[in-house]
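Residue 683 in the working numbering is what sits at position 145 of the sequence shown, and the numbering runs on without skipping anything.
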Amino acid sequence: MDRGQILLLGLPLFLLCTDLVNLFTPPPPKPPPPPHRHPQPPQHHRHLHNPPEVLEFPSEVQKPSAVGGIGLGSTVVINFCSSCSYRGTAVTMKKMLETQFPGIDVVLANYPPALPKRILGKLVPVAQIGVFAIIMAGEHIFPMVGIAVPPPWYYSLRANRFGTIASTWLLGNVFQSFLQSSGAFEIYCNDEPVFSKLKEGRFPGEIELKDLIGRRLANSRVTDGLGAMWS
539 MDRGQILLLG LPLFLLCTDL VNLFTPPPPK PPPPPHRHPQ PPQHHRHLHN PPEVLEFPSE
599 VQKPSAVGGI GLGSTVVINF CSSCSYRGTA VTMKKMLETQ FPGIDVVLAN YPPALPKRIL
659 GKLVPVAQIG VFAIIMAGEH IFPMVGIAVP PPWYYSLRAN RFGTIASTWL LGNVFQSFLQ
719 SSGAFEIYCN DEPVFSKLKE GRFPGEIELK DLIGRRLANS RVTDGLGAMW S
């Protein structure tokens, strides 16, 4: 084989091996969610100053911000399809929520596809390797399985082995990407669902998501306040 044929054969095999390593490598463990903390009222400390040195006027005393720490103790989880290129949208939503609700904890996580699709996605590289093995060494494989004469389609694939290998690698990767995609963009606030792309069929708008999270945080504050009154 010349250099061009070696390159056409070696590049798909190299990329296939990297896909196999990334596919069967276990994902890192998810960090434990932070404990749910109730917002605490700001504590005012008295500072003793010498009157001749510091003069305080009532009109110039800063008032505590009404929205400061409004998200303290709350957690928003955004489960999105990482293979669908939704990470950019998730990061944008995360920055918006952290700006609008100071103190809130926004966690990004991958939403895996259904179990049958995950199983089929792991079988695609095995099928690719089988096709590569038949094309490269079909004369020895068919007699081992009891087929003395290879079928006619084998010679058709063998005649254009490099094109067949490249097509198998490309089509297999496209099919595997489809099987690994879930199309999900699910948002939870304090373990309660807020928005689901799988149900709505669309992404949430930034203003819409801000209103949904704001109402959920307000309801959580009212519930916590009533629980504190009855306790």
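Glycine is no exception: its CB is placed at the ideal position from the N, C-alpha and C atoms.
If you're wondering where the values come from, they're calculated on a predicted model, not measured in any experiment.
Which same chain residues end up closer than 7 Å to ILE642 when comparing Cβ atoms and leaving out the 5 residues on each side of it in sequence?
GLY609, SER612, VAL614, LEU635, GLU636
Just to confirm the assignment, what range does the beta strand (DSSP E) spanning PRO731 have?
730-734
Let me know if PRO602 comes out buried or exposed under the rule of 16 or more other beta-carbons within 10 Å of its beta-carbon.
Residue placement at PRO602 cannot be trusted, given a pLDDT of 38 that sits under 50; what the coordinates show is reported in the next sentence. PRO602 comes out exposed.
Between the region 718-736 and the region 617-631, do at least 3 Cβ pairs fall closer than 8 Å?
yes
Rounded to a whole number of angstroms, what is the C-alpha to C-alpha distance between VAL662 and GLU677?
24 Å
Give the single residue among MET682, GLY710, ALA675 whose Cα lies nearest to the Cα of LEU695.
ALA675
Measuring only the C-alpha atoms, how far is LEU755 from PRO731?
13 Å
Would DSSP call ALA647 helix, strand or coil?
strand
Please name the residue or residues paired with ASN617 in a DSSP beta bridge.
ALA647, GLU724
Please state whether DSSP places VAL669 in a helix, a strand or coil.
helix
With three or more C-beta pairs closer than 8 Å as the rule, is the region 643-661 touching the region 697-710?
no
On the CB-based measure, 16 or more other CB atoms within 10 Å of its CB, does ASN698 come out buried or exposed?
exposed
For VAL687 and TYR693, I'd like the C-alpha separation in whole angstroms.
11 Å
Grouping DSSP H, G and I as helix and E and B as strand, with all else coil, what is PHE680?
Of the three classes helix, strand and coil, the one that applies to PHE680 here is helix, per DSSP.
Quick one: grab the DSSP three-state call for LEU610.
coil
On the three-state DSSP scale, how would you describe PRO663?
Correct three-state label for PRO663: helix.
Cβ atoms of PHE618 and ILE751: under 9 Å apart, would you say?
no
Can you tell me whether ILE642 is helix, strand or coil according to DSSP?
coil
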